[in-house]
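2 protein chains.
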Amino acid sequence: MAQFNYPAWNLIQLARESEKPLYEQIFAQFRDSIMEGRLARGTRLPPSRMLARELSLARNTVIQSYDKLEAEGYVRRIRGSGTFVDRVLPEDHRVPVVQPALGTERSVPALSARAGRLIDLGLPPERSETLDLSPGVPALDEFPYEVFGQIAARHWRSRALSQTGYGSTSHGSTSHGSTSHGASLTAQIATYLAETRGVTCQPGQIIVVGSTLQTAALVAHALLDPGDEVIVEDPGHVTQLATFSLCGLKTTAVPVDAQGLDAARIPRDTGGGPAARLIVVTPVEQFPFGCSMPLARRRAVLDWAHAHGAWVMEDDFNSEIRWSGQAQPPLFAEDRHGRVIYTSSFNRALAPGLRLAYLVVPPDLVEAFTLAQRALSHYAPQPDQALVAAFMREGHLAAHLRRMRAIYRERSLLLADCLQQRLGESFAIPHVTAGLHMTIHPNRPFDDIAVASALSRRGFDCPPLSLYCQGPVRHGLILGFGNTRTERIPARAATVADVIAELSARPGEARAAR
Amino acid sequence: MAQFNYPAWNLIQLARESEKPLYEQIFAQFRDSIMEGRLARGTRLPPSRMLARELSLARNTVIQSYDKLEAEGYVRRIRGSGTFVDRVLPEDHRVPVVQPALGTERSVPALSARAGRLIDLGLPPERSETLDLSPGVPALDEFPYEVFGQIAARHWRSRALSQTGYGSTSHGSTSHGSTSHGASLTAQIATYLAETRGVTCQPGQIIVVGSTLQTAALVAHALLDPGDEVIVEDPGHVTQLATFSLCGLKTTAVPVDAQGLDAARIPRDTGGGPAARLIVVTPVEQFPFGCSMPLARRRAVLDWAHAHGAWVMEDDFNSEIRWSGQAQPPLFAEDRHGRVIYTSSFNRALAPGLRLAYLVVPPDLVEAFTLAQRALSHYAPQPDQALVAAFMREGHLAAHLRRMRAIYRERSLLLADCLQQRLGESFAIPHVTAGLHMTIHPNRPFDDIAVASALSRRGFDCPPLSLYCQGPVRHGLILGFGNTRTERIPARAATVADVIAELSARPGEARAAR
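As given, the protein sequences belong to chains L and R, one line each in that order.
Heads up: the first sequence begins at 1 in my numbering, then just goes up one per residue.
Heads up: the second sequence begins at 1001 in my numbering, then just goes up one per residue.
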């Protein structure tokens, strides 16, 4: 018996005392491995000389088995390249795809109750950048690929990994000193937040994680216990509900109007049950409405948190994409009681595929958040952090945002104009000055799910507003303008209007389409 | 009042009706921003021409304010470069570091009970690649930086992000088709596992996450509920305990001996309380002992799981780093009832800083795991996945592992030889054939914590075995050989022996050192 390691073939086990010739054994074992999927199509077989040496066989024996594999259609030889598992196999038209063999007594798997609730929740589909008018997706065709390529090549050449290793704390690159990259991402973010958002903090208060939902999970674990209640905006980020559910939290929805979350409707502690321990708000750019909270409501949220010993998770996700007027300062900048956790990400400023988000926490919460981060392992890889830190330090982010603001301004104005011309009588088309999407509201009955699903069949990703509602259902359509090239917007807007007109003319069919 | 966006200075708010001259207002507001840390040292101020335009002022007014900032020592002008916040500020010697202003009534923050338990747990320090003989850290100075740099530059140039966006499912790159990179990381891992570990699975069964602990959190959430019990090895990966604790699970430790986890001591369901729902094992390479489970114990674990409707989380973390003998096949390959979740990572094969780990789940668990992954947002960034997929597809991983096996073999033999010469009478020095560390066991009383902390003061990271014990304490020292260059090993081994000898001669001091 012989068995050896990658890139070799511990699948081959020779029975030297067997009557079956050795080349037949090799042939049969390769054939089985190919047919059972252990050797993928296109995989290169080991050179016959190497395999012969590993198996202590004459090279001719191996060549004989390869000949037979080729003759029977399992492999192809490419002169000068080697022997490869064929893309088309003889059994293709008669063997079903192999499934791992499970005992017949296998019942429905006993998932956790929390996973079961998750399945029941029926999450909305993920945004798709390959579809038109997809909300929240930036112009990925305008991403600074060249600069990233240059910085990445330089980063790897600098052998920075040799100084980072596990490097799991967000401050790792500061303390261990990746010399060629200097300042850490947290230091860059601290400067950036001071300059763009008026947020004053030390780099040590910034915790870099792998996504926006990781910020929510981290807040949930560091500050709340199973059974605790969290207040969310309605409509709002429904995907976050799944995260809070999995973290054991109960959610209460508070309605949003044209001035953001209606602070007067936050449930108060009346001596009955315990009040909520956390409120999640988007005070500067509400999702999906895009409105800002006026001063009185902002103060009411802060006062409520202070009075109830509760926390505020502020999602400032959109604020850097603004081309007109002033962004309000975040709640974090006004918080005098250390109750606000500020969160944001690079999803819109750069690209969601980078998976970089961050929290700013009050100084006395740093330890708890750092420990929870470690236990949940909510980290972003060091090389990615170094890449974006260098990108920021060299001024590329500022330049990129300046350029993108002009593009998004143009796209949003054009989309609003086109929609106004076609739908202005039946919809309120907002004048947006920030972000990557607009929500249009009908002024007559409108089946937003039917329209969204008809649009989806035509390659659009314009989700219905009702999908984001938990309480009373409101209808509308959420249209992104970030990822659709300017010259394509008029035609896309026309299709949206056509689909709406078509379904309005035949409401019965619209309903059937649901 | 004027306020504007990054890279500008929404910190400047002009009161045009004030008696205070405008240049004085600008000066005062920049000065305050600098002193309160909103403008970091070294930050470049906006060009005077640009700031004047943004504030609708004469350029001279801005220049006047910059003059005053310079005269008072807050900024420096560098000809041809611009105006920068000074590195040394006038107030440096009299103003304490600014802390965010918190109300005086601020009490101890009300953390969650789960975060409190985490703090009480007292996790061991993280491994440090900058210290000598650190376990589990690969030879980062031998990392293929050049190849990674080339692949990364090619990846960014290929504009692959424009096709991935959120791309959050591990199968995203297959379905959306990053054409220049072809096969996804999951497909590469499937081929790799088939070739190296005899694991047969479809790429769709592979879930790529951001770290080893994320695999544990995902298993905990998908399959277990708060209050459920999980069985772990003792000694074992104690950091995992924090993860399980934060996921609401109770842990029961089962002792490990020279043949791995003692399967006879797994608590059975006797009709009393509910049995454990999960067992976490390292059957092929136990951590920290490095032993393998014999066939009977492997079967006992599988039978126990089948009989109790429980799950097995198999951590196969070390198996690819083996230079002698054959690695056992993983439990996953023998599982006929779909109870085993296989987990591994690229921490040792490549580098922990990449933060790439993965699970292989039975086909009927894919949906639950995918949903839990989405709710917890346990993803690895697409660019990193594409990078490693290309690295594997082009055969670099196989070549790298071949090269590293020879290096680790040499380092482990040398370390064992040196330790044998100096400590052979008082310690059992193991003959290791895999992995990146060895655990030495004393045959007389030995204060491993005192020795480890004395070594730590000399720049070593050799953790005490007792730190990894939950039940009866066993003493020993865990020595890594992965990250210490071969030529340095004899001197490092000598220092270890010296420190042990020194503390053995003066046990009183050793105890005091604790």
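Note that beta-carbon positions come from the ideal geometry of N, C-alpha and C, so glycine has one too.
For the candidate residues ARG474/L, LEU423/L and HIS437/L, whose alpha-carbon lies nearest to that of VAL499/L?
Here residue 499/L refers to the residue found at position 499 of the first sequence. For the residues ARG474/L, LEU423/L and HIS437/L, the minimum Cα distance to VAL499/L belongs to LEU423/L.
Specify, as a first and last residue, the run of the beta strand (DSSP E) that VAL137/L falls within.
The residue given as residue 137/L occupies position 137 in the first sequence. No beta strand (DSSP E) holds VAL137/L; DSSP gives it neither H nor E.
Q. Does ALA305/L get closer than 9 Å to chain R when you measure Cβ to Cβ?
A. As a working mapping, residue 305/L is identified with position 305 in the first sequence. No - not a single Cβ of chain R is within 9 Å of the one on ALA305/L.
Discussion item. So, for ASP234/L: in the same chain, excluding its five sequence neighbours on each side, which residues have a beta-carbon less than 7 Å away from its beta-carbon?
Written reply: Residue numbering aside, residue 234/L sits at position 234 when the first sequence is read from its first letter. Hits under 7 Å: ALA253, VAL254, PRO255, VAL256, CYS469, GLN470 and GLY471.
Contact with chain R by ALA28/L, beta-carbon distance below 9 Å:
For the purposes of this step, residue 28/L is taken as residue 28 along the first sequence, with counting starting at 1. False, the Cβ-Cβ gap to chain R never drops below 9 Å.
If you draw a straight line from the C-alpha of ARG197/L to the C-alpha of ASP1315/R, how long is it? Within the first sequence, numbered from 1, the residue matching residue 197/L stands at position 197. Within the second sequence, numbered from 1, the residue matching residue 1315/R stands at position 315. Rounded to the nearest angstrom, the two C-alpha atoms are 44 Å apart.
Next on the checklist: Out of PRO288/L, TYR192/L and HIS306/L, which one is the CA nearest neighbour of LEU278/L?
Outcome noted: For the purposes of this step, residue 278/L is taken as residue 278 along the first sequence, with counting starting at 1. That would be HIS306/L, whose Cα lies nearest to the Cα of LEU278/L.
Q) Exposed or buried, LEU295/L, counting other C-beta atoms within 10 Å across all chains shown (16 or more means buried)? A) By 1-based counting over the first sequence, the position of residue 295/L is 295. That one is exposed.
Between the Cα of GLN1373/R and those of GLN1202/R, ILE1206/R and PRO1135/R, spot the shortest distance and give me the residue it belongs to. Residue mapping note: residue 1373/R aligns to position 373 of the second sequence, counting from 1. Nearest of GLN1202/R, ILE1206/R and PRO1135/R to GLN1373/R, Cα basis: ILE1206/R.
ILE1440/R - partner residues in DSSP beta bridges | In the second sequence, counting from the first residue as 1, residue 1440/R sits at position 440. Answer by DSSP bridge pairing, in chain order: LEU1477/R.
request  = For ARG159/L, return the contacting residues in chain R, with the cut-off set at a CB-CB distance below 9 Å.
outcome  = Your numbering for residue 159/L matches position 159 in the first sequence. Simply LEU1140, ASP1141, PHE1143 and TYR1145.
Exercise. Nearest-angstrom Cα distance between LEU1089/R and TYR1074/R?
Worked result: To locate residue 1089/R, count along the second sequence from 1; it is residue 89. To locate residue 1074/R, count along the second sequence from 1; it is residue 74. Roughly 6 Å separates the two Cα atoms.
| Cβ-based neighbour list, HIS441/L, same chain, cut-off 7 Å, excluding 5 preceding and 5 following | Within the first sequence, the letter at position 441 stands for residue 441/L. So the list reads PHE427, ALA428 and GLY476, once near-sequence residues are dropped.
Assigned secondary structure, GLU367/L (DSSP; H/G/I helix, E/B strand, else coil): Indexing the first sequence from 1 puts residue 367/L at position 367. DSSP places GLU367/L in helix when its eight states are reduced to three.
*In whole angstroms, what is the alpha-carbon distance linking GLU1126/R and PRO490/L?*
The sequence position of residue 1126/R within the second sequence is 126, counting from 1. The sequence position of residue 490/L within the first sequence is 490, counting from 1. In a straight line, the C-alpha of GLU1126/R is about 55 Å away from that of PRO490/L.
9 Å Cβ cutoff met for ARG1157/R and GLU146/L
The count along the second sequence starts at 1 and reaches residue 1157/R at position 157. The count along the first sequence starts at 1 and reaches residue 146/L at position 146. Yes, the Cβ-Cβ distance between ARG1157/R and GLU146/L is below 9 Å.
**Message:** Which residue wins for smallest C-alpha separation from ASP1448/R, given the options CYS1462/R, GLN1064/R, PHE1027/R and MET1438/R?
**Reply:** Looking up residue 1448/R in the second sequence gives position 448. Comparing Cα-Cα distances from ASP1448/R to each of CYS1462/R, GLN1064/R, PHE1027/R and MET1438/R, the minimum goes to CYS1462/R.
In three-state terms, what does DSSP make of TYR1358/R? Working through the second sequence from its first residue, we reach residue 1358/R at position 358. Looking at TYR1358/R - three-state DSSP - the assignment turns out to be strand.
ask   = Run through DSSP, which three-state label would LYS250/L get?
value = One-based indexing of the first sequence puts residue 250/L at position 250. If DSSP states are grouped into helix, strand and coil, LYS250/L belongs with the strands.
Worksheet entry | Anticipated Cβ contact below 8 Å, PHE1324/R with THR1433/R, distance rounded | Taking the first residue of the second sequence as position 1, residue 1324/R is located at position 324. Taking the first residue of the second sequence as position 1, residue 1433/R is located at position 433. Residue identity differs from the one stated: residue 1324/R is Ser in this sequence, not Phe. Rounded, the Cβ-Cβ distance is 4 Å, consistent with contact.
Exercise. For chain R, is any of its Cβ atoms less than 9 Å away from the one on ALA259/L?
Worked result: As a first step, residue 259/L must be located in the first sequence, where it is residue number 259. The sequence given here places Gln at residue 259/L; Ala does not occur at that position. No, because no Cβ of chain R sits closer than 9 Å to the Cβ of GLN259/L.
Q) What are the residues of the segment 443–476 of chain L that lie near chain R, defined by any Cβ-Cβ distance shorter than 7 Å? A) none
(request) Buried or exposed for GLU394/L, please, with buried defined as at least 16 other CB atoms from any protein chain shown within 10 angstroms of its CB. (result) Against the first sequence, residue 394/L aligns to sequence position 394. Counting Cβ neighbours within 10 Å, GLU394/L comes out exposed, since fewer than 16 surround it.
Discussion item. For GLU1129/R, which residues in the same chain have their Cβ closer than 7 Å to its Cβ, ignoring the five residues on either side in sequence?
Written reply: In the second sequence, the residue the question calls residue 1129/R occupies position 129. VAL1137, LEU1140 and ASN1483, listed in sequence order.
* Quick one: Cα of ARG299/L to Cα of ASP1269/R, how far? -> Sequence index remark: in the first sequence, residue 299/L carries index 299 (1-based). Sequence index remark: in the second sequence, residue 1269/R carries index 269 (1-based). Approximately 56 Å between the Cα atoms of the pair.
Considering only their Cβ atoms, is the gap separating LEU1359/R from ASP1384/R smaller than 9 Å? The residue labelled residue 1384/R in the question sits at position 384 within the second sequence. The residue labelled residue 1359/R in the question sits at position 359 within the second sequence. Contact flag unset, no.
For VAL340/L and GLU1410/R, I'd like the C-alpha separation in whole angstroms. Position 340 of the first sequence holds residue 340/L. Position 410 of the second sequence holds residue 1410/R. If you take the alpha carbons of VAL340/L and GLU1410/R, they lie about 54 Å apart.
Legend entry - PHE148/L versus LEU350/L, ASP417/L and LEU415/L, residue with shortest Cα-Cα distance: Counted from its first residue, the first sequence places residue 148/L at position 148. If we check each option's Cα against that of PHE148/L, LEU350/L comes out closest.
- Query: Any idea which residues DSSP pairs ARG322/L with across the strands?
  - Reply: Your numbering for residue 322/L matches position 322 in the first sequence. According to DSSP, which records beta bridges pairwise, ARG322/L is partnered with ALA434/L.
Determine the burial state of ALA194/L: buried for a count of at least 16 other Cβ atoms within 10 Å of its Cβ, exposed for fewer.
Stepping through the first sequence from its first residue, residue 194/L is reached at position 194. So ALA194/L counts as buried.
Legend entry - Cutoff 7 Å; reference VAL519/L; Cβ partners in own chain excluding five residues on either side: Because chain L here runs from 1 to 514, residue 519/L falls outside it and cannot be looked at.
key: Buried or exposed by the 16-neighbour rule on C-beta atoms within 10 Å, applied to ALA505/L   = The count along the first sequence starts at 1 and reaches residue 505/L at position 505. Exposed, because fewer than 16 other Cβ atoms sit within 10 Å of the Cβ of ALA505/L.
Segments of 4+ residues assigned as alpha helix (DSSP H) that fall wholly inside the segment 1374–1437 of chain R: 1382–1393 and 1396–1423
For ILE266/L, which option in HIS308/L, PHE244/L, GLY290/L and THR243/L has the closest C-alpha, if you only look at C-alpha atoms? Here residue 266/L refers to the residue found at position 266 of the first sequence. It is HIS308/L whose Cα lies nearest to the Cα of ILE266/L.
#### Entry: Start and end residues, alpha helix (DSSP H) containing VAL496/L
Mapped onto the first sequence, residue 496/L falls at position 496. Here the alpha helix (DSSP H) through VAL496/L covers 489–505.
ask   = Looking at chain L, which residues of the segment 1362–1383 of chain R have a Cβ within less than 9 Å of any of its Cβ atoms?
value = PRO1362, PRO1363, ASP1364, LEU1365, GLU1367, ALA1368, PHE1369, LEU1371, ALA1372, ARG1374, ALA1375, LEU1376, SER1377, HIS1378, TYR1379, ALA1380, PRO1381, GLN1382 and PRO1383
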